[in-house]
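Asks: For the sequence shown, the working numbering begins at 17 and goes up steadily by one.
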Amino acid sequence: MTKKIKIIIAIVCVILLGIGFTILDAYRYEKSLGGIPIKEYNFKIIGDQKLIENKKIGFSFQIPADWIEDQKGVEEGSMLTFASPDVSLQEGKPVPATGCLFMVDVVNYDKRDPSNTAQLIQNKIKSIKEAPSQFEDSPFQILNINGVDAYEEIYYRMADNENGIEAHLYRRVELPQVELARVYLFEGFSSGDDIEKCQQEFDQILATVKINERK
Numbered sequence: 017m018t019k020k021i022k023i024i025i026a027i028v029c030v031i032l033l034g035i036g037f038t039i040l041d042a043y044r045y046e047k048s049l050g051g052i053p054i055k056e057y058n059f060k061i062i063g064d065q066k067l068i069e070n071k072k073i074g075f076s077f078q079i080p081a082d083w084i085e086d087q088k089g090v091e092e093g094s095m096l097t098f099a100s101p102d103v104s105l106q107e108g109k110p111v112p113a114t115g116c117l118f119m120v121d122v123v124n125y126d127k128r129d130p131s132n133t134a135q136l137i138q139n140k141i142k143s144i145k146e147a148p149s150q151f152e153d154s155p156f157q158i159l160n161i162n163g164v165d166a167y168e169e170i171y172y173r174m175a176d177n178e179n180g181i182e183a184h185l186y187r188r189v190e191l192p193q194v195e196l197a198r199v200y201l202f203e204g205f206s207s208g209d210d211i212e213k214c215q216q217e218f219d220q221i222l223a224t225v226k227i228n229e230r231k
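1) With distances taken Cα to Cα, identify the nearest neighbour of D102 among G93, A113, Y186.
2) Between which two residues does the beta strand (DSSP E) holding S206 run?
3) Grab me the residues of A223's own chain with a C-beta within less than 6 Å of its C-beta, minus the 5 sequence neighbours each way, in chain order.
4) For S104, which beta-bridge partners are listed by DSSP?
5) State yes or no: is the C-beta of I170 within less than 8 Å of the C-beta of Y200?
6) What residues in its chain sit with their C-beta under 8 Å from that of A147, if we drop five residues either side in the sequence?
7) Give the DSSP-derived three-state secondary structure of N160 in the structure shown.
8) By DSSP, does N139 sit in helix, in strand, or in coil?
9) Starting from F218, trace the alpha helix (DSSP H) both ways and give me its first and last residue.
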């Protein structure tokens, strides 16, 4: 084997090794992305409230102690789901027939990507703050949670059911942490005569949110 061939083989090996480490690094990084698993949260009753806390990421909030938790996705899922005691779900529909449905998710994105989701949400917030008059009649607004600006969407929809026309409400709040490429997502669902009550419940839950920046 000539010296030239040996050099070529060495260069190829170095390149392949570099590609291998790059793929492995990307795999490890991608595996660390996604929703924070439900099993990482602690649940504790404090008086008439239930504290849901993840000390690892410095995040907590409270819900009424008598609200029901959906335990189906505890092992693998990341979406925390809670329902008021009077909830009545509709098959195949996200909006309950009665009562309140509230969901929470915390998702990490690729912080090496300058256009990550957290940054996109932050840009939406900036647009509303710079031209508030343009959003007066829109479903988009800014909500302050724990001293941090969050992006909120509220949608009302009228739908036919067996009892006639009924109003449905979907509320979505996204709080970005751009430096951590993390987004805190809060969603509320309600319908009919329970919309006003559920809105108040959602506001009270959001008022208990505490976020301390941790990786």
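Note that the Cβ used here is the ideal one computed from N, Cα and C, for glycine as well.
Replies: Looking at the atomic coordinates:
1) A113
2) 198-207
3) none
4) T114
5) No, these two residues do not count as a Cβ contact at 8 Å.
6) none
7) strand
8) helix
9) 211-222
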